[in-house]
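Under mature numbering (1 follows the signal peptide of the UniProt record, and there is no 0), the letters of the sequence shown match residues -33 to -1, 1 to 401, in that order. Below is one structure, written out as structure tokens, with a few remarks after it.
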Amino acid sequence: MGNAVSGRRTLLSGTAALAAVALIALGSAPAQADETEPDLGVRGLTPVTGITPGSGFGLPVSLLNKGTEELPKAYVTYSFSSGLATAETYSNCLYSTIGSYDEMPERHRAVCTVDQPLKPGVLYGTEKPIGLKAGANALYDTAGLGLWASPPGPDDGGETDPVPGTGAPLTLVERGEATEADRAAHAESGARTDVTAVNTADYALTGAELKGKVGDKVTAQVKFTNKGPAWVYRELGTGAASVDVRIPAGTTVTKANGYCSKVTKTHYRCGTSQSWVDEEGGETYSFVLRIDKAVGRTTGKVSFGGQSRPFDRNPANDTAEIVVETGKAGSTGGTTSGGSANGGSDGGTGSTGGSTSGSSGSTGGGSTDTTGGSGSATSGGGSTAGGATPQTGGDLAATGSDSTLPVAGAAGAALLAGGGLFYAMRRRTAARNG
């Protein structure tokens, strides 16, 4: 990402020559008119709120062929994030799961072949809304709808083998001639909406207890866990959690976790590898501490910071401690501890893949994926990459030499160079609706 390619200067002259040949060939070829792409539209979706795990809701369908030619066959897609499931399936739809990648969490998609023509300027809908329901882990979720003129290709993240539905086929019915207001309401070929459930997610922290003598290096492993039952999907550009770590007196950090930024010498702020955390998921933050003084039993505090957590109803496990027994002043005894009682792996753990999904849009009759998050603390994703130098803001992680994250994103990245270290924010790519 932005790295220079060895030998690039040498290749430029050859590339220029090939480009010149290509231009000559294009100049001698007859010009061809571009084929007219279908102009398709989906009505925007209204946010769904207040549902409870296990309850169902409908995804209304309103489609419009805004072009001048009849569309002989339509492909309707709908998608939904991991806290949602289908309430019913349709025999002319193929169902698959797209794994998490880049900034998008896992999501589910249905591709429905509707063997009916769509007349230009006529509104179409389904006999009843598409049935979805909230799962036990629902909280901040999204659902999307798309209209295609040709079968959508496989998602970049890869999919499970498509499975056909078992219910009646999904069919379309005419709703009448479209007005100018209808055309405006069907601006894009894809739409998505937030689905917010009434649920909880218990964020918990676990500390460490260590022992050593002056000069020893001990490793503290602090753990953040989402005990569920809901998964949590945060806003674009933020982590799923923000954890403040205060270092015990008499010790110095010689190596901080890659997801943690240095605020002061004794205060670090840690983020997460993605903007979502699954139920029973989380991160483990490792700190190598050098014992500088024998001050007896010394304690540092671990606590949550950052965004509010209205879904977390259990404050009892929101703080933890890092305890180091350094021995009494003047003592030379003690043993060295290379880890903590709590375990965990350096560099942390995190969801992969991605999201979510992104904003909806259309190109030539297709649609963009809409299972990404949105502004009400439901969406986004992102990790950061960098060295031990702290990031400049936000809850996202900075990765060090002991923790490497893939860096990807079509929306762009910010790169700050200094001291041989870098910070990069991944932006999630837009995926297809459905």
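Heads up, the beta-carbon is just placed ideally off N, CA and C, and yes, glycines get one too. All figures in this text were calculated on a predicted structure; none of them were measured in a lab.
Output needed for threonine 13: all residues of its chain with C-beta closer than 7 angstroms, excluding positions within five of it in sequence on either side, in chain order. These residues qualify, in order along the chain: Thr160.
Residues near threonine 16 in its chain [Cβ-Cβ closer than 7 angstroms; skip 5 each side]: Thr163
Taking only the alpha-carbon atoms, compute the straight-line gap between valine 9 and serine 240 and give it to the nearest angstrom. 34 angstroms
Quick check on arginine 159: does DSSP put it in helix, strand or coil? strand
Cα-Cα separation, aspartate 183 to glutamate 288: 20 angstroms
Secondary structure, beta strand (DSSP E): runs of 3+ residues fully inside the region 249 to 299: 249 to 258, 264 to 272, 286 to 292
State whether the region 55 to 63 contacts the region 76 to 83, with contact taken as three or more CB pairs (one from each stretch) at a distance under 8 angstroms. yes
Is the beta carbon of glycine 249 less than 7 angstroms from the beta carbon of asparagine 166? no
Please state whether the Cβ-Cβ distance between glycine 50 and glycine 98 is less than 7 angstroms. no
State the Cα-Cα distance for the pair residue 406 and aspartate 6, rounded to the nearest angstrom. This structure cannot speak to residue 406, because the chain is shown only from -33 to 401.
Rounded to a whole number of angstroms, what is the C-alpha to C-alpha distance between lysine 178 and glycine 217? 13 angstroms
Alpha carbon to alpha carbon, what distance is there between arginine 201 and aspartate 336? With a pLDDT of only 42 at aspartate 336, under the threshold of 50, the placement of this residue in the model should not be trusted; the figure read from the coordinates follows. Approximately 18 angstroms between the Cα atoms of the pair.
Cβ separation of alanine 207 and phenylalanine 278, assumed to be a contact under 8 angstroms, to the nearest whole Å: Between phenylalanine 278 and alanine 207 the Cβ distance is about 12 angstroms, and since that is not below 8 angstroms, they are no contact.
Counting only the same chain and skipping the five closest in sequence on each side, list residues whose C-beta sits under 7 angstroms from that of proline 87. Asn32, Gly34, Thr35, Glu36, Glu37
Taking 7 angstroms as the cut-off, decide whether the C-beta atoms of alanine 187 and phenylalanine 254 are in contact. yes
For arginine 264, count neighbouring Cβ atoms within 10 angstroms of its own Cβ and tell me buried if that reaches 16, exposed if not. Under this definition arginine 264 is an exposed residue.
Using a Cβ-Cβ cut-off of 7 angstroms (strictly less than) and excluding sequence neighbours within five positions of alanine 116, which residues of its own chain qualify? Pro5, Leu7, Leu38, Gly332
I need the boundaries of the beta strand (DSSP E) containing glutamate 141, first residue and last residue. 139 to 144
Go through the region 78 to 105 residue by residue and report every complete run of the beta strand (DSSP E) that reaches 3 residues or more, in order. 89 to 93, 97 to 101
Our contact map puts leucine 90 next to alanine 158 with C-beta atoms below 8 angstroms; I'd like the distance itself, whole angstroms only. Actually they do not touch by this definition, with Cβ atoms about 15 angstroms apart.
Secondary structure of alanine 171, DSSP reduced to three states: strand
Tell me which residue opens and which closes the beta strand (DSSP E) that alanine 41 is part of. Residues 41 to 48.
Just confirm the distance between the C-beta atoms of leucine 256 and valine 220, as a whole number of angstroms; I'd bet it's less than 8 angstroms. 6 angstroms
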